[in-house]
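Structure record follows, encoded as structure tokens.
In the working numbering, the protein residues as written are 230 to 547.
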């Protein structure tokens with residue numbers, strides 16, 4: 230993702246003057262949003278923000294990626310309209326048109342950055358790339374602009390360390406699919422100011438989401454509880470204590486979960502779970518909760534990543 234910005238470095242030859250007062254920095258009302266990354270998560274966040282009247286610029290490396298993202302947003306909006314405006318198709322069409330007018334795209338984000346209240350990255354889960362991106366954008370963004378990461382597992386404080394505004398950096402973790410999932414985790418580092426947290430909480434509520442607050446701990450709230458639960462299910466199966474089918478059935482019927490841990494793993498992606506666990510294990514190698522799974526590693530090495538490859542713990546039809 231960062232190649233976009235390094236390849237267009239010449240385009241950004243001037244720095245935006247930071248002439249905002251301390252009062253403006255303290256009281257940011259988020260209206261203009263730049264989303265870096267036009268994948269499923271970035272497009273989903275763009276759709277929700279545009280649907281609630283925010284001005285959104287979606288940024289990625291190529292026009293093809295952005296065209297695909299915009300097509301996906303339109304398709305998602307049609308599904309929303311089908312349910313919400315079932316008896317009034319004309320109003321539904323008007324709604325889609327208004328939402329799409331709130332979204333612009335760019336492979337050169339300088340103009341959007343100049344007026345952004347919030348820059349949210351939803352790019353590859355790679356610390357160096359995220360740091361390079363935020364370090365570069367930090368030189369151009371206005372003083373009041375908040376930087377947020379949609380990372381699901383990487384330390385926010387490490388990402389923020391690449392900027393000169395750690396007080397205006399935080400995590401804003403949405404869940405997939407963004408238009409349907411109500412929860413957003415708002416993650417504050419030890420440097421995040423209360424004003425930044427408040428601005429992000431207000432922004433999340435304005436999106437119609439339910440925010441929960443968390444400190445910058447591995448996995449935040451949901452993944453910190455969910456991923457070790459999945460890993461313990463794997464270890465239970467690896468020890469031969471129960472089949473994956475019985476474990477899934479037990480958790481669905483005994484705990485009321487919509488999916489068992491193996492079904493959920495296939496849905497999330499085994500490579501994603503392995504990536505999270507590898508990162509946590511590297512950070513805390515002596516923590517038994519973060520111990521690797523031979524079965525998980527084997528399946529990932531074989532390219533059996535779950536539903537997206539039609540095979541993981543289970544096999545799937547096209």
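Glycine included, C-beta positions come from ideal geometry on N, C-alpha and C.
DSSP places residue 423 in the uninterrupted alpha helix (DSSP H) bounded by 423–435. Annotation for residue 410: 404 place their beta carbon closer than 6 angstroms to its own, counting only its chain and skipping 5 residues before and after. Residue 379 is not a Cβ neighbour of residue 341, given a cutoff of 8 angstroms. Shown here, residue 512 sits in a helix according to DSSP, grouped into three states. Taking the CA atoms as reference points, residue 270 sits about 15 angstroms from residue 334. Given a length threshold of 4 residues, each whole run of the alpha helix (DSSP H) inside the stretch 467–492 is given here in chain order: 473–484. With respect to the 8 angstroms criterion, residue 306 and residue 276 are classified as neighbours on the basis of their beta carbons.
Less than 8 angstroms divides the Cβ of residue 489 from the Cβ of residue 481. Taking every protein chain shown into account, the CB of residue 546 has fewer than 16 other CB atoms within 10 angstroms, so this residue is exposed.
By the neighbour-count definition (other C-beta atoms within 10 Å, threshold 16), residue 467 is an exposed residue.
Counting C-beta pairs closer than 8 angstroms gives fewer than three between the stretch 416–430 and the stretch 298–314, which falls short of the contact rule. Across the set 517, 348 and 462, the C-alpha of 348 shows the shortest separation from the C-alpha of residue 371.
Contact check for residue 452 against residue 510 fails: the beta carbons are separated by 8 angstroms or more. Annotated as distal: residue 434 and residue 412, with beta-carbon spacing of 8 angstroms or more.
The three-state secondary structure of residue 535, taken from DSSP, is strand. Rounded to whole angstroms, residue 326 and residue 527 show a C-alpha spacing of 47 angstroms.
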